[in-house]
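Numbering (my numbering), first residue to last: 63 to 453.
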């Protein structure tokens with residue numbers, strides 16, 4: 063009814079019309095909200111149902127699902143312990159960083175490729191300061207050679223001079239003895255009147271000079287003392303100069319070593335993070351792992367770790383492999399930490415407290431897993447030894 067006509071109605075009829083209009087507006091706005099809520103609840107229920115169906119499908123297809131690892135195992139024996147796992151090389155992945163003291167040097171040359179087998183300490187890359195440091199090392203080697211030659215020369219000169227001094231002393235002593243004999247003979251002749259005092263004075267002068275020559279030769283020889291050749295002052299000084307040059311050479315070699323990136327372990331090049339001209343990144347230059355023996359790091363819930371012991375058989379499965387891997391528990395961690403391997407299930411607990419267990423794979427499983435470092439998998443630690451059928 064139009065508002066103009068409503069004003070002509072009695073008061074009780076106008077009040078009744080207002081109540082009906084208010085109820086109509088509430089009904090108009092309330093039903094869509096109610097229907098929207100029902101649709102939202104239906105969507106949540108459908109999503110939850112799909113998650114359950116997907117989880118059950120995974121369980122039926124490939125074994126235990128990580129999202130329910132904390133609940134009772136859905137396959138195998140009820141006492142089996144489930145956990146998320148990560149495939150890794152023996153000793154885990156070694157990140158190759160830039161050598162200490164490399165500064166702002168850049169990569170000059172990468173010497174390996176992904177998949178190459180390398181030995182420990184094998185060169186993997188060179189930095190752009192390699193040429194300059196190599197020249198410094200060559201110069202240091204030359205300095206060592208020069209100092210060593212000087213030391214040899216001084217040793218030879220001292221040996222020769224010492225021998226000459228000894229010979230000169232022997233000659234001076236012989237001359238002095240001859241002069242003393244001539245002096246005694248001349249004195250006897252003077253007493254018999256055969257020689258004059260002038261001849262005696264000359265003989266006396268010759269004997270005195272011969273004795274002075276002996277003293278001089280003794281003083282010259284005394285400079286070398288009675289010490290061995292290596293203890294001579296000149297030899298000691300030259301030897302210290304050689305030691306200083308050798309120390310400089312060792313430092314030059316260390317500096318040169320800092321320009322070469324070497325393998326920390328024997329293993330396989332798993333990844334390379336840099337190319338020529340780049341500075342080493344925080345993620346390292348490359349990654350190396352010993353893939354000759356693969357392992358698995360399994361995260362076990364803290365309330366179930368008491369059921370795990372070394373030697374227990376373990377079955378591991380991953381979608382990428384399409385089959386099971388087998389091994390046994392090697393070590394059990396001593397600390398409880400935050401979960402590191404996270405499932406792709408949104409309903410999984412990403413803040414779980416777990417203990418890390420290391421599993422050693424058998425030879426065949428290790429060979430299969432060698433190309434899948436860091437692959438996420440599901441592990442089942444079998445409570446009692448029993449035959450495991452291959453998937």
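Heads up, the beta-carbon is just placed ideally off N, CA and C, and yes, glycines get one too. On a predicted model such as this, the values are computed, not experimentally measured, just so you know.
Exercise for review: Measure the C-alpha to C-alpha separation of residue 188 and residue 376 and round it to an integer number of angstroms.
Suggested key: Within the chain shown, numbered from 1, the residue matching residue 188 stands at position 126. Within the chain shown, numbered from 1, the residue matching residue 376 stands at position 314. The C-alpha of residue 376 is placed about 43 Å away from the C-alpha of residue 188.
Exercise for review: Tell me, to the nearest whole angstrom, how far the beta carbon of residue 250 is from that of residue 273; I am working on the premise that it is less than 8 Å.
Suggested key: Here residue 250 corresponds to residue number 188 of the chain shown, with the count starting at 1. Here residue 273 corresponds to residue number 211 of the chain shown, with the count starting at 1. Not confirmed; about 20 Å, so no contact.
Check your understanding: Counting Cβ pairs closer than 8 Å, one from the region 161-175 and one from the region 334-344, do we hit at least three?
Key -> Remark: three or more beta-carbon pairs, one from each stretch, lie closer than 8 Å, so the region 161-175 and the region 334-344 are flagged as touching.
Practice item. Could you tell me the distance, in whole angstroms, from the CA atom of residue 320 to the CA atom of residue 182? Key: Reading the chain shown from its first residue, position 258 is the one you call residue 320. Reading the chain shown from its first residue, position 120 is the one you call residue 182. Near 16 Å, if we compare the C-alpha coordinates of residue 182 and residue 320.
Check your understanding: So what's residue 136 in DSSP terms, helix, strand or just coil?
Key -> In the chain shown, the residue the question calls residue 136 occupies position 74. Any reading at residue 136 needs caution, since the residue's pLDDT is 36, under 50, leaving its predicted position unreliable; the model's value is listed next. If DSSP states are grouped into helix, strand and coil, residue 136 belongs with coil.
Review point. Where do the N-terminal and C-terminal ends of the alpha helix (DSSP H) with residue 223 fall, by residue?
Key: In the chain shown, the residue the question calls residue 223 occupies position 161. Counting along the chain, residue 223 sits inside the alpha helix (DSSP H) bounded by residues 192-254.
Check your understanding: Around the C-beta of residue 294, are 16 or more other C-beta atoms found within 10 angstroms, so that it is buried, or is it exposed?
Key -> If you number the chain shown from 1, residue 294 lands on position 232. So residue 294 counts as buried.
Practice item. Could you pull the start and end residues of the beta strand (DSSP E) that residue 304 belongs to? Key: By one-based count along the chain shown, residue 304 stands at place 242. Careful: residue 304 lies outside any beta strand (DSSP E), inside the alpha helix (DSSP H) at 295-319.
Exercise for review: Just the C-alpha distance for residue 185 and residue 356, rounded to the nearest angstrom, thanks.
Suggested key: As a position in the chain shown, residue 185 is number 123, starting the count at 1. As a position in the chain shown, residue 356 is number 294, starting the count at 1. Here the C-alpha atom of residue 185 lies approximately 24 Å from the C-alpha atom of residue 356.
Exercise for review: Throw me the rounded Cβ distance for the residue 425 and residue 149 pair, which I believe falls under 8 Å.
Suggested key: For this step, residue 425 is matched to residue 363 along the chain shown. For this step, residue 149 is matched to residue 87 along the chain shown. In fact, because the Cβ distance is near 15 Å, the residues do not count as touching under 8 Å.
Point to revise | As assigned by DSSP and simplified to three states, the class of residue 37 | key: Because the chain spans 63 through 453 in this model, residue 37 falls outside it and cannot be assessed.
Point to revise | Of the listed residues 191, 313, 347, nearest to residue 324 (C-alpha basis) | key: On the chain shown, position 262 is the one that residue 324 refers to. Measuring from the Cα of residue 324, the nearest candidate turns out to be 347.
Exercise for review: Could you tell me whether the Cβ atoms of residue 329 and residue 435 are closer together than 7 Å?
Suggested key: The count along the chain shown starts at 1 and reaches residue 329 at position 267. The count along the chain shown starts at 1 and reaches residue 435 at position 373. With respect to the 7 Å criterion, residue 329 and residue 435 are not classified as neighbours on the basis of their beta carbons.
Practice item. Find the nearest neighbour of residue 206 within the set 278, 262, 300, 252, judged by alpha-carbon distance. Key: The sequence position of residue 206 within the chain shown is 144, counting from 1. Residue 300 is the option with its Cα nearest to residue 206.
Check your understanding: Is the beta carbon of residue 333 sitting closer than 7 Å to the one on residue 216?
Key -> For the purposes of this step, residue 333 is taken as the residue at position 271 of the chain shown. For the purposes of this step, residue 216 is taken as the residue at position 154 of the chain shown. No, the Cβ-Cβ distance between residue 333 and residue 216 is not below 7 Å.
Check your understanding: Is there contact between the region 372-386 and the region 435-444, where contact requires at least three CB pairs shorter than 8 Å?
Key -> Yes, since at least three Cβ pairs between the region 372-386 and the region 435-444 fall closer than 8 Å, the two stretches touch.
Review point. Around the C-beta of residue 226, are 16 or more other C-beta atoms found within 10 angstroms, so that it is buried, or is it exposed?
Key: In the chain shown, counting from the first residue as 1, residue 226 sits at position 164. Result: exposed.
Practice item. Output the boundary residues of the beta strand (DSSP E) element that contains residue 149. Key: Looking up residue 149 in the chain shown gives position 87. Residue 149 -> beta strand (DSSP E) spans 143-158.
Check your understanding: Cβ atoms of residue 420 and residue 392: under 7 Å apart, would you say?
Key -> Start at 1 with the first residue of the chain shown, and residue 392 comes out as number 330. Start at 1 with the first residue of the chain shown, and residue 420 comes out as number 358. Cβ atoms of residue 392 and residue 420: closer than 7 Å.
Check your understanding: Comparing alpha-carbon positions, which option in 270, 284, 179, 267 lies nearest residue 326?
Key -> Here residue 326 refers to the residue found at position 264 of the chain shown. It is 179.
Review point. In terms of residues, what are the limits of the alpha helix (DSSP H) holding residue 430?
Key: Locating residue 430 in the chain shown gives position 368, counting from the first residue. Start and end: 425-431.
Review point. Out of curiosity, what's the CA-to-CA distance linking residue 438 and residue 163?
Key: Within the chain shown, the letter at position 376 stands for residue 438. Within the chain shown, the letter at position 101 stands for residue 163. In this model, residue 438 and residue 163 are separated by some 37 Å (Cα to Cα).
**Study point:** Same chain, Cβ closer than 6 Å to residue 398, neighbours up to 5 away in sequence not counted
**Key:** Residue 398 sits at position 336 when you count from the first residue of the chain shown. Answer for residue 398: 364, 415, 417, listed in chain order.
**Study point:** Cα-Cα separation, residue 146 to residue 335
**Key:** Looking up residue 146 in the chain shown gives position 84. Looking up residue 335 in the chain shown gives position 273. Distance between the alpha carbons of residue 146 and residue 335 is about 28 Å.
**Study point:** Residues near residue 314 by beta carbon distance below 6 Å, same chain, minus five either side
**Key:** Start at 1 with the first residue of the chain shown, and residue 314 comes out as number 252. Excluding sequence neighbours, residue 314 sits near 198, 199, 202.
Point to revise | Local Cβ density within 10 Å of residue 248, reported as buried at 16 or more and exposed below that | key: In the chain shown, counting from the first residue as 1, residue 248 sits at position 186. Looking at its Cβ environment, which holds 16 or more other Cβ atoms inside 10 Å, residue 248 is buried.
Check your understanding: How many whole angstroms separate the CB atoms of residue 349 and residue 157, which I take to be in contact at a CB cut-off of 8 Å?
Key -> By 1-based counting over the chain shown, the position of residue 349 is 287. By 1-based counting over the chain shown, the position of residue 157 is 95. Residue 349 to residue 157, Cβ: 6 Å. Contact.
Check your understanding: Can you give the Cα-Cα distance for residue 265 and residue 306, rounded to whole angstroms?
Key -> The sequence position of residue 265 within the chain shown is 203, counting from 1. The sequence position of residue 306 within the chain shown is 244, counting from 1. If you take the alpha carbons of residue 265 and residue 306, they lie about 57 Å apart.
Practice item. Go to residue 355, then tell me how far its beta strand (DSSP E) extends in each direction, as first and last residue. Key: Within the chain shown, the letter at position 293 stands for residue 355. Residue range 348-363 is occupied by the beta strand (DSSP E) that includes residue 355.
Check your understanding: When you compare only the Cα positions, how much space is there between residue 234 and residue 267?
Key -> The sequence position of residue 234 within the chain shown is 172, counting from 1. The sequence position of residue 267 within the chain shown is 205, counting from 1. In a straight line, the C-alpha of residue 234 is about 15 Å away from that of residue 267.
Practice item. Would you mind reading off the limits of the beta strand (DSSP E) that contains residue 323? Key: The count along the chain shown starts at 1 and reaches residue 323 at position 261. Unbroken beta strand (DSSP E) run through residue 323: 322-324.
Review point. What is the rounded straight-line gap between the Cα of residue 262 and the Cα of residue 245?
Key: By one-based count along the chain shown, residue 262 stands at place 200. By one-based count along the chain shown, residue 245 stands at place 183. The C-alpha of residue 262 lies about 7 Å from the C-alpha of residue 245.
Check your understanding: Given residue 408, which residues of its chain have a CB within under 6 Å of its CB, disregarding the five upstream and five downstream residues?
Key -> On the chain shown, residue 408 is found 346 positions in, with the first residue counted as 1. No answer about residue 408 holds up, because its pLDDT of 44 lies below 50 and its placement is not dependable.
Check your understanding: How close, in whole Å, do the beta carbons of residue 176 and residue 331 come, if the pair is a contact with beta carbons under 8 Å?
Key -> In the chain shown, the residue the question calls residue 176 occupies position 114. In the chain shown, the residue the question calls residue 331 occupies position 269. Indeed, because the Cβ distance is near 5 Å, the residues count as touching under 8 Å.
Review point. Out of curiosity, what's the CA-to-CA distance linking residue 152 and residue 143?
Key: Taking the first residue of the chain shown as position 1, residue 152 is located at position 90. Taking the first residue of the chain shown as position 1, residue 143 is located at position 81. Straight across, the Cα-Cα distance linking residue 152 with residue 143 is about 23 Å.
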